[in-house]
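Residue numbers (this note's numbering): -8 to 130.
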C-alpha cells in the first residue's frame, strides 16, 4: 500500500443518489470528471472513488487522504482492469465489477485483494448492486 497523501477531487458534484434503505449507504455522488464518490459511514472505508480516466479504484479515508489505489494487478489475470460497478457489503468488503475480465474483485476494507470471482456467469458487467440481505446483482 502506498503512503497516504491528500486527494484532490476536481470538478463539481453532478448528481447525488439517495437509496431507499435508510441507514446505508449514506450517499453516492458523481463528479463531472466521471469519478464516483461512495460514502459508507458504517466502516473505516468512508469514500471510494473510481477514477474513470486511469481505470483504478482509490480508497479515501475520512480525513481525505488516499488509503490505497487498486489497479487490478493483484488478480493476475493478464488483461486490462476496467472497474465499473463498486459496492461495499456489511463486512466492509469492497466488490468491484470488472468489465473486461468478466469477474468480481473482492477486497478487504484496506483494498487488499481477497479473491477474484469469475465463475458466476458475468459477461461485461457494467453495474453492481447489493441488496439488504447481502445478495449481489449485476447488469
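Cβ coordinates follow ideal geometry from the N, Cα and C atoms, glycine included.
Notebook entry, point to check: Shortest alpha-carbon distance to residue 91 belongs to which of 102, 74, 101?
Noted result: 74
Notebook entry, point to check: Tell me which same chain residues have a C-beta within less than 8 Å of the C-beta of residue 116, skipping the five on either side of it?
Noted result: Answer for residue 116: 75, 76, 88, 89, 90, 93, 95, 129, 130, listed in chain order.
Notebook entry, point to check: Which residues in the same chain have their Cβ closer than 7 Å to the Cβ of residue 97, if we skip the five residues on either side of it in sequence?
Noted result: 84, 86, 105, 106, 108
Next item on the list: Please name the residue in 80, 102, 111 whose C-alpha comes closest to that of residue 120.
Entry: 80
Item checked: Which listed residue (47, 69, 110) has its alpha carbon closest to that of residue 59 -> 47 is the residue among 47, 69, 110 whose C-alpha sits nearest the C-alpha of residue 59.
Item checked: Proximal residues to residue 61 (C-beta, below 6 Å), its chain only, five neighbours per side dropped -> Contacts found: 48, 102.
Next item on the list: Could you spell out the range, first to last residue, of the beta strand (DSSP E) harbouring residue 104?
Entry: Run containing residue 104: 104 to 108, per the beta strand (DSSP E) assignment.
Next item on the list: Tell me whether residue 116 sits in a helix, a strand or coil according to DSSP, three-state version.
Entry: coil
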